[in-house]
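Asker:
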Amino acid sequence: MIAKISHGSSLYGVLSYNQLKVDELHADVLFGNRIIEPQGDNPYTIEHLSRSFSDYLTANRKTEKPVLHISLNPDPKDSVTEEQFVSLAEEYMRRMGFGDQPISSIATTTSVGNTCTSFPVRVDKPGRAISGQLEHERSMAVCRGVEHAVHLTPQP
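Spelled out as structure tokens, the structure:
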């Protein structure tokens, strides 16, 4: 599995970009963590999701790019079910230190294969920035561990 991590400053931008994929039926919502539940039968909206992240983002306005866009890409030979995607995304987020953060995750099927995209913030509830030190190296190690845990094809 390969993880691609992008940093951004606009939560609205990442949520609207990915909501468009869901609205056009190119993606399915997999799970949310610490997301406020909508009332009744109302679906999640960008504005609704934004409220779930707002306390974290306002607690620390110094972090320049507090929004992450993490794409988890298993080997195209792997046939990953939605349940496996949920397991691998939750485990990846936990091991990377984002397990207690608000997270929204979607699954997308492309011509290359299946992808799980998650959107956590790099600021915890008290307003401390979650370290991005050695992020690439840590992510690669986490990917190897998650591959093994959910029985995916190992990547070099």
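First residue of the sequence shown: 13, per the numbering used here; consecutive thereafter. Even for Gly, the Cβ is constructed at its ideal location relative to N, Cα and C.
#1: Can you list, in chain order, the stretches of the alpha helix (DSSP H) that have 4 or more residues and sit fully within the stretch 49-105?
#2: Leaving aside the five residues before and after valine 26 along the sequence, list all residues of the same chain whose C-beta is less than 8 Å from its C-beta, in chain order.
#3: For aspartate 40, which residues in the same chain have their Cβ closer than 6 Å to its Cβ, ignoring the five residues on either side in sequence?
#4: If serine 28 and isoleucine 58 are in contact, beta carbons under 8 Å, what's the gap, nearest whole angstrom?
#5: If you draw a straight line from the alpha carbon of asparagine 45 to that of proline 168, how long is it in whole angstroms?
#6: Taking one C-beta from the stretch 124-144 and one from the stretch 62-75 each time, how about it: are there three or more such pairs within less than 8 Å?
#7: Report the three-state DSSP secondary structure of aspartate 189 (helix, strand or coil).
#8: Is the CB-CB distance between proline 166 and arginine 150 below 9 Å?
#9: Run through the DSSP bridge pairs and tell me what phenylalanine 131 is partnered with.
#10: Hey, lysine 16 and serine 62: beta-carbon distance below 9 Å or not?
#11: To the nearest angstrom, report how far apart serine 117 and cysteine 128 are at their CA atoms.
#12: Does proline 86 pass the burial test, meaning 16 or more other C-beta atoms within 10 Å, or should it be called exposed?
Answerer: According to the data block:
#1: 58-70
#2: Residue 26 sits at position 14 when you count from the first residue of the sequence shown. Correct list, in chain order: Gly20, Val79, His81 and Phe131.
#3: Along the sequence shown, read from residue 1 onward, the residue named residue 40 stands at position 28. These residues qualify, in order along the chain: Ala119.
#4: Along the sequence shown, read from residue 1 onward, the residue named residue 28 stands at position 16. Along the sequence shown, read from residue 1 onward, the residue named residue 58 stands at position 46. Correct: roughly 5 Å between the Cβ atoms.
#5: Within the sequence shown, residue 45 is the residue found at index 33, counting from 1. Within the sequence shown, residue 168 is the residue found at index 156, counting from 1. Computed Cα separation, rounded: 30 Å.
#6: yes
#7: Outside the shown range of the chain, which is 13 to 168, sits residue 189, and nothing can be said about it.
#8: Start at 1 with the first residue of the sequence shown, and residue 166 comes out as number 154. Start at 1 with the first residue of the sequence shown, and residue 150 comes out as number 138. It is not a contact, given that the beta carbons lie outside the stated cut-off.
#9: Residue mapping note: residue 131 aligns to position 119 of the sequence shown, counting from 1. Partner(s): Ser116.
#10: Residue 16 sits at position 4 when you count from the first residue of the sequence shown. Residue 62 sits at position 50 when you count from the first residue of the sequence shown. No, they are not a contact pair.
#11: Here the question's residue 117 lines up with position 105 in the sequence shown. Here the question's residue 128 lines up with position 116 in the sequence shown. Cα to Cα, serine 117 sits roughly 7 Å from cysteine 128.
#12: In the sequence shown, the residue the question calls residue 86 occupies position 74. With 16 or more Cβ atoms within 10 Å of its Cβ, proline 86 is classed as buried.
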